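Notes for the one structure printed next.
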Ligand code: DC
């Protein structure tokens with residue numbers, strides 16, 4: 220069973236996917252973490268301003284692994300945890316460029332599909348319902364107003380209520396990132412669109428869990 224959750228940056232995909240996986244006894248795969256880990260592995264070896272090619276980037280692929288851990292698959296570089304490294308600014312500022320390369324996308328898609336061969340998964344990303352698992356029985360496209368996405372992201376990062384100026388600045392950055400990732404961020408025709416602007420996280424999770432039950436235990440129509 221595959222549940223695909225796509226949507227723009229900071230729409231809450233990863234945290235929602237993680238909760239849904241826990242509730243259903245599935246494992247969460249964060250496809251963005253693979254793009255980030257490949258970028259981080261390359262950055263350990265090369266200067267940012269080098270003209271990277273997709274072919275060259277995927278040579279770092281064997282250093283990156285997805286390890287099943289509880290209700291997640293955790294990404295590792297050279298066998299070690301790398302969560303802080305893959306979320307830092309050096310990686311974030313380069314990852315859209317890396318993710319635009321077809322060789323890199325094929326490599327990530329192969330890792331994600333492999334994880335789904337042995338587990339029921341909730342996969343979050345940008346193109347999971349369109350490219351990676353076009354036949355997934357449940358596809359969700361999460362959206363939220365940019366201001367609200369920026370506010371949530373800052374709340375999490377700063378662990379306090381952000382000021383309006385801070386939210387405005389973060390909204391600009393998010394809108395710029397949306398533009399960079401726009402080609403890859405596609406809503407599947409059969410995806411359920413979930414606008415979370417006015418939903419709490421538990422409400423989002425409940426809606427997706429209910430949809431998953433409807434898909435897996437749907438009574439026969441006679
Ligand atoms: O969701 P995120 O910020 O961790 O994603 C990191 C980058 O990878 C971002 O530039 C979007 C890109 N990405 C993608 O192109 N396709 C995916 N399935 C997942 C992420």
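Residue numbers (the numbering used here): 220 to 441.
We treat Cβ as the ideally placed atom computed from N, Cα and C, and that holds for glycine.
Quantities reported herein were computed from a predicted structural model and do not represent experimental measurements.
- Spatial neighbours of residue 430 in its own chain (CB-CB distance under 8 Å, excluding positions within 5 residues in sequence) are listed in chain order as 357, 359, 411.
- Distance from residue 248 to residue 428 at the Cβ level is roughly 18 Å; contact not present, criterion being Cβ atoms closer than 8 Å.
- Residue pairing by DSSP places residue 357 opposite 222 in a beta bridge.
- Counting along the chain, residue 418 sits inside no alpha helix (DSSP H), nor does DSSP assign it H or E at all.
- Counting along the chain, the unbroken alpha helix (DSSP H) around residue 312 starts and ends at 308 to 318.
- Per the coordinates, the alpha-carbon of residue 320 lies some 35 Å from the alpha-carbon of residue 417.
- Setting aside the 5 residues that flank it on each side, residue 301 is surrounded in the same chain by 256, 259, 294, 295, each with a C-beta closer than 7 Å to its C-beta; the list follows chain order.
- A residue is listed when its beta-carbon falls short of 6 Å from at least one non-hydrogen atom of ligand 1; in chain order these are 228, 250, 251, 254, 255, 314, 315, 318, 344, 345, 346, 347, 400, 403.
- With distances taken between CA atoms, residue 229 lies nearest to 363 out of 340, 363, 407.
- Here residue 279 is buried: its Cβ has 16 or more other Cβ atoms, across all protein chains shown, within 10 Å.
- Rounded to whole angstroms, the Cβ separation of residue 344 and residue 225 is 6 Å, and the two are in contact under 8 Å.
- For the stretch 336 to 393, the full-length beta strand (DSSP E) segments reaching 3 residues or more read 340 to 344, 357 to 362 along the chain.
- With contacts defined by Cβ atoms closer than 8 Å, residue 254 and residue 355 do not form a contacting pair.
- Taking all protein chains in view, the Cβ of residue 227 is crowded by 16 or more other Cβ atoms within 10 Å, so the residue is classified as buried.
- In this structure, the straight-line span from the alpha carbon of residue 232 to that of residue 351 is close to 16 Å.
- Here DSSP, grouped into helix, strand and coil, assigns residue 432 to helix.
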